[in-house]
Amino acid sequence: MLDTPVLDIPVLDTKYDPTSVEAPTYERWLEQGVFRADPGSGRPSFTIVIPPPNVTGSLHLGHALGHTLMDALSRRKRMQGYDALWLPGMDHAGIATQNVVERELAKEGKSRHDLGREEFVARVWQWKEEYGGKILGQMRRLGDGLDWDRERFTMDEGLSRAVRTIFKRLYDDQLIYRAERIINWCPRCMTALSDIEVEHRDSDGELVSISYGPLTVATTRAETMLGDTAVAVHPDDERYAHLVGAMLDLPLTDRQIPVVADAHVDPAFGTGAVKVTPAHDPNDFEIGQRHDLPSITVLDERGIVTAPGPFQGLDRFEARPAVVDALRAEGLIVDEKRPYVHSVGHCSRCGTVVEPRLSLQWFVAVSSLAKRAGDAVRAGETEFVPPSMADRYFDWVDDMHDWCISRQLWWGHRIPVWYGPNGETVVPGPDDDEPAGADWVQDEDVLDTWFSSALWPASTLGWPDETADLERYYPTSVLVTGYDIIFFWVARMMLFCTYIRPEVPFRQVAITGLVRDGRGRKMSKSAGNVVDPLDWMDAYGADAVRWTLARGANPGVDVPVSEEWIQGSRNFVNKLWNATRFALINGARVPDGALPTELSVADRWILSRLAAVRSEVDDLYENYEFAKVCDSLFHFAWDELFDWYVELAKVPMRDAGSPAAERTQLVLGHCFDTLLRLLHPLLPFVTEALWRAVTGGETVVTASWPREAGRADGAAEIEMRRFQELVAEVRRFRTQQGLQPGRKVPATLVGDLAAWAAHLGALADLTVEAADELPGNLAVLTVSGVRVGLDLSGAVDREAEKARLGKQLVAVEKERDQTGRKLANQGFLAKAPEQVVTSIRQRAEAAEAEIARLQDQLRALDAAT
RNA sequence: GGGCGAUUAGCUCAGGGGGAGAGCGCUUCCCUGACACGGAAGAGGUCGUAGGUUCAAAUCCUACAUCGCCCACCA
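Okay, so the first sequence: first residue is 53 according to my numbering, each after it adds one.
Rendered as structure tokens:
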């Protein structure tokens with residue numbers, strides 16, 4: 053037994069206070085070690101690796117969403133008896149982290165170059181120790197049941213070894229190569245970027261047409277003309293056939309450039325002639341390759357013109373108008389600037405306009421890897437949920453460009469390549485000695501952050517070593533992540549992991565949407581609608597935050613949240629708290645063995661509903677239908693258990709100690725025990741407190757997941773439905789009659805639901821007697837064969853009542869007319885299926901009956917006046 | 001330019017060939033001994049537009065419109 057105090061139920065406050073429960077509860081879980089996976093347990097395993105958040109990051113709602121779902125999945129599996137591992141960790145986040153530390157240095161008036169590489173990297177590690185990983189504490193606040201003993205970091209020793217291992221293998225397989233290519237260059241971060249690190253945004257540009265003698269070309273980046281080395285036309289373009297091979301004078305320079313014929317040119321676009329700048333445009337680079345053109349670099353790594361002449365030293369954006377002005381001065385601007393909307397690449401880290409730039413970089417040759425990654429999903433080895441998200445994956449994997457993996461940064465895995473004095477290139481394996489000697493230098497660059505994340509599911513479990521964890525927990529069961537990183541991460545894990553091992557890294561990929569604000573807008577700093585989940589946890593509790601997110605989580609669909617939603621969730625948690633309090637105060641207890649066999653219809657009904665909901669929830673969980681899991685449990689809990697069963701239970705419980713009361717206490721105990729278990733994965737904190745109080749158990753975390761809860765009982769469900777209709781009818785009648793709420797009205801009940809007289813009285817504020825015949829002078833309600841007569845000798849506002857009834861009558865008549873028209877319009881009736889005809893007729897008859905009833909009431913009112 | 005998705009109650013979203021659903025919001029009444037973070041009763045929608053298939057379409061098909069997202073080497 054642990055010495056953490058057990059909650060003292062009789063003094064439980066009427067309001068649930070998350071702050072007093074959550075932190076101690078999490079601490080207790082850690083003490084108990086309930087989240088520790090155990091490879092020796094002999095149980096089947098269930099594994100999820102966390103998408104590693106950036107060390108620099110703090111918990112945002114997107115994390116909170118994914119974490120809630122992952123936590124719910126692994127908690128449920130644990131309860132089902134699995135050896136559940138949810139593995140935590142963080143990503144070193146190359147550019148992001150380096151930027152943070154560089155900004156810090158800038159405050160001291162220093163740059164990383166002032167420190168030098170070693171000192172700078174040491175400084176980043178120091179930053180990481182001091183300020184990094186704030187998010188880990190926030191994950192605990194959310195209740196994440198992570199196995200902290202297995203926490204990993206992409207830069208720790210094991211993972212770095214994994215990086216060097218795969219690098220070596222890929223290199224030896226000639227799947228990693230170094231080449232001079234056009235890459236995306238961020239002139240602010242001063243590094244290469246991969247294609248997906250570039251965000252394309254439509255921008256207003258200006259297209260200017262420039263005369264190159266006999267040909268006119270158009271461009272939005274006039275400054276690049278300084279680096280033109282050809283003009284291209286389409287090979288079949290008769291207009292220019294005579295010019296192919298000719299040399300043109302390149303304006304503003306003393307160079308001459310050839311006209312080449314290349315199929316890439318669209319003869320229908322513009323003039324059909326294209327300036328070719330191989331050093332600053334990917335297409336032009338390829339044209340240059342095909343025609344053996346020189347590449348002339350005219351911008352440096354900061355985007356400053358290097359071409360000798362009047363423009364040298366100008367920033368690219370200053371050079372652009374300057375070049376146009378100079379051309380205009382020479383009368384070479386054929387068509388003045390035309391507004392032109394085109395897509396411009398921006399650095400996804402800092403927003404700077406990306407400059408295509410020719411440079412020497414390392415690449416992964418992806419085609420064979422991507423083929424395999426695509427095939428694995430096509431073969432069903434990995435399944436996407438929802439399946440439509442696989443299309444997004446295929447889109448990318450099936451048409452992927454080689455991956456530029458070198459970054460001109462210092463923070464990251466340094467490229468494990470050494471260059472020798474005689475032009476040698478050596479890639480030592482992780483266990484090999486590095487080349488020694490003053491003449492040998494290691495590549496200056498580091499690897500793209502995603503290079504190490506691509507190994508995450510395997511490397512965190514020990515790969516390249518065949519560890520017990522790797523053996524047992526790999527491949528992982530499911531990957532939960534947003535659709536926004538299918539390309540960044542999911543696809544690349546598939547690429548690398550299927551390369552290093554025969555199996556796929558995860559059996560399923562459950563795709564979540566993005567969290568949006570209450571109006572469905574993306575959360576962004578500029579829109580000012582960003583919500584910090586920590587604030588909401590402070591105000592409403594972690595469970596309420598989790599419930600809000602899970603409740604909106606339809607597979608692959610965005611999740612809108614707002615303060616009102618979370619208040620609703622808080623209300624639900626509070627309702628659960630109070631309903632459970634009621635059960636406890638009234639002596640609810642979990643039966644030792646089986647439930648009594650003598651049960652009331654209400655007992656049988658709620659147990660039947662419990663069985664149905666349990667089974668439904670299981671199905672929904674298997675399909676990652678979190679929103680529907682929540683919906684199902686919410687309605688069972690509130691609408692059925694709390695609003696009906698608990699209310700009904702008050703009747704037998706009045707008679708404390710009676711067999712009926714005892715029996716009800718056991719059914720209540722069973723229902724709350726089961727409900728709390730079913731809710732636990734999503735509402736871990738409040739259910740822990742309540743479940744321990746209800747059952748006296750140690751912790752619900754390791755309690756078993758309900759398998760056979762209750763028993764289906766159709767007869768009880770039907771009878772209960774009739775009773776509910778009866779109660780609803782009486783209540784409606786009371787409201788319609790303007791009867792004072794709470795005023796007990798004498799009533800007589802006739803029919804086969806006579807046994808419910810006491811319950812009807814309790815739920816509809818009546819004093820009910822069962823009888824064989826109805827006495828006279830009563831207002832009579834008839835509901836499915838049962839009649840209730842109410843003695844309305846009290847005062848009723850008859851005028852208001854007549855108005856209300858009249859309005860209702862009109863509405864029902866309208867409905868009847870529509871149904872009638874439907875009947876009349878259906879010439880098909882003769883050949884229509886029997887049930888359809890019957891169903892429509894029944895509706896018409898029901899409407900007739902309703903009209904008759906309303907007319908009766910109106911008449912009764914008239915008579916009474 | 002290509003692809004995907006959406007269009008259902010005031011808002012945010014489920015549903016999916018035969019009686020329009022949820023949460024929140026709204027109206028009226030009620031602080032009844034679990035809970036006002038509550039209870040009861042209500043109002044509110046010709047399910048984007050136009051065609052088509054069908055006995056029957058919010059649901060399937062086609063086109064269109066609007067919005068959103070993703071991809072793209074649109075000079």
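For every residue, glycine included, the Cβ atom is placed at its ideal position computed from N, Cα and C.
Between which residues of its own chain and residue i is the CB-CB distance below 6 Å, once the five residues before and five after are set aside?
{"i": "Ala270", "result": "Leu259, Ser261 and Gly322"}
{"i": "Val311", "result": "Val283, Leu295, Val296 and Ala298"}
{"i": "Lys883", "result": "With a pLDDT of only 37 at Lys883, under 50, the local geometry of the prediction cannot be trusted, and no value is derived from it."}
{"i": "Ala768", "result": "Val653, Arg656, Trp657 and Ser660"}
{"i": "Phe219", "result": "Pro468"}
{"i": "Ala799", "result": "Leu818, Val820, Val840 and Leu842"}
{"i": "Leu844", "result": "Ala831"}
Could you give the first and the last residue of the continuous alpha helix (DSSP H) run that contains residue i?
{"i": "Thr600", "result": "Ala594 to Arg603"}
{"i": "Met546", "result": "Ala543 to Ile552"}
{"i": "Arg230", "result": "Per DSSP, Arg230 belongs to no alpha helix (DSSP H); it is in the beta strand (DSSP E), Ile228 to Cys238."}
{"i": "Lys327", "result": "Taken as a continuous stretch (DSSP letters only), Lys327 belongs to no alpha helix (DSSP H), being part of the beta strand (DSSP E) at Ala325 to Val328."}
{"i": "Val561", "result": "Unbroken run through Val561 is the beta strand (DSSP E), Phe558 to Thr564; no alpha helix (DSSP H)."}
{"i": "Val501", "result": "Per the sequence presented here, residue 501 reads as Thr, with Val not at that position. Looking at the DSSP string, the run of the alpha helix (DSSP H) that includes Thr501 is Thr501 to Ser505."}
{"i": "Phe436", "result": "Unbroken run through Phe436 is the beta strand (DSSP E), Glu435 to Val437; no alpha helix (DSSP H)."}
Residue i and residue j look like a contact to me (Cβ under 8 Å); what is the Cβ gap, rounded to whole Å?
{"i": "Tyr68", "j": "Trp629", "result": "4 Å"}
{"i": "Val797", "j": "Leu791", "result": "6 Å"}
{"i": "Val152", "j": "Leu499", "result": "Going by Cβ atoms, the distance from Val152 to Leu499 rounds to 19 Å, so no, they are not a contact pair."}
{"i": "Pro527", "j": "Arg559", "result": "6 Å"}
{"i": "Arg524", "j": "Pro91", "result": "5 Å"}
{"i": "Glu433", "j": "Val556", "result": "5 Å"}
{"i": "Ala244", "j": "Gln413", "result": "5 Å"}
Considering only the alpha carbon of each residue, which of the options lies closest to residue i?
{"i": "Pro334", "options": "Asp443, Ala325, Ala320 and His316", "result": "His316"}
{"i": "Asp65", "options": "Ala490, Phe634, Val375 and Leu693", "result": "Phe634"}
{"i": "Phe172", "options": "Leu157, Met772, Gly489 and Gly161", "result": "Leu157"}
{"i": "Leu345", "options": "Thr564, Val561, Thr281 and Asp443", "result": "Thr281"}
{"i": "Ile658", "options": "Leu818, Asp450, Leu693 and Glu650", "result": "Leu693"}
{"i": "Leu647", "options": "Phe688, Val719 and Phe678", "result": "Val719"}
{"i": "Pro643", "options": "Val681, Ile563, His722 and Ala591", "result": "His722"}
{"i": "Thr329", "options": "Leu351, Pro319 and Pro91", "result": "Leu351"}
{"i": "Gly279", "options": "Leu410, Met546 and Glu433", "result": "Leu410"}
{"i": "Met772", "options": "Asn106, Ser667, Asp671 and Arg661", "result": "Arg661"}
{"i": "Pro438", "options": "Gln178, Gly534 and Gln717", "result": "Gly534"}
{"i": "Pro104", "options": "Leu117, Leu113, Gly141 and Gly85", "result": "Gly141"}
{"i": "Ile234", "options": "Asp454, Gly475 and Arg127", "result": "Asp454"}
{"i": "Met452", "options": "Asn106, Ser419 and Ala431", "result": "Ser419"}
{"i": "Arg3", "options": "Ala510, Ala136, Met589 and Gly481", "result": "There is simply no residue 3 to check, as the chain begins at 53 and stops at 917 in what is shown."}
Looking at the unbroken beta strand (DSSP E) that takes in residue i, where does it start and where does it end?
{"i": "Arg253", "result": "Val250 to Tyr264"}
{"i": "Ser529", "result": "Thr528 to Gly534"}
{"i": "Leu245", "result": "Thr243 to Leu245"}
{"i": "Val269", "result": "Leu267 to Thr271"}
Considering only residues of the same chain and omitting the five flanking positions on each side of residue i, which have a CB-CB separation below 8 Å?
{"i": "His252", "result": "Ser395, Val396, Gly397 and His398"}
{"i": "Ala876", "result": "With a pLDDT of 44 at Ala876, under the threshold of 50, the predicted position of this residue should be treated as unreliable, and no value is reported."}
{"i": "Trp599", "result": "Ser621, Phe624, Val625, Cys682, Leu734 and Leu735"}
{"i": "Val888", "result": "Its pLDDT being 48, under 50, Val888 is placed unreliably by the model, and the measurement read from it follows with that caveat. Within the same chain, Val888 has no close Cβ partners at all."}
{"i": "Leu304", "result": "Met277, Leu278, Gly361, Val375, Ala378, Leu379 and Glu382"}
Going by beta carbon distance, what residues of the same chain come within less than 7 Å of residue i, once the five residues before and after it are set aside?
{"i": "Ile248", "result": "Phe539 and Phe540"}
{"i": "Tyr445", "result": "Val429, Phe436, Ile538, Val542 and Ala543"}
{"i": "Leu117", "result": "Thr564, Val567, Leu601, Ala605 and Val611"}
{"i": "Gly365", "result": "Ile356 and Val357"}
{"i": "Val86", "result": "Thr751, Val753 and Thr754"}
{"i": "Gly114", "result": "Gly534, Leu566 and Val567"}
{"i": "Ser400", "result": "Glu249, Val250 and Glu251"}
I'd like the ranges of any beta strand (DSSP E) spanning at least 3 consecutive residues and lying wholly in the region 71 to 118.
Fully enclosed beta strand (DSSP E) runs of 3 or longer: 97 to 101.
Identify every run of the alpha helix (DSSP H) within the region 716 to 767, keeping only runs that are complete inside it and at least 4 residues long; order them along the chain.
736 to 747
Along the chain, which unbroken stretches of the beta strand (DSSP E) at least 3 residues long are found entirely within the region 334 to 421?
Runs found: 385 to 399 and 407 to 416.
Alpha helix (DSSP H) runs contained entirely in the region 286 to 312, provided each spans 4 or more residues:
none
Report the start-end ranges of each alpha helix (DSSP H) in the region 762 to 847 that is 4 residues or longer and not cut off at the edges.
Counting whole runs of 4 or more residues, the region 762 to 847 contains the alpha helix (DSSP H) stretches 766 to 789 and 809 to 816.
Suppose only complete runs of 3+ residues qualify. What are the beta strand (DSSP E) ranges in the region 613 to 641, listed by chain order?
none
3 or more residues per run - each beta strand (DSSP E) lying fully within the region 126 to 205
135 to 139
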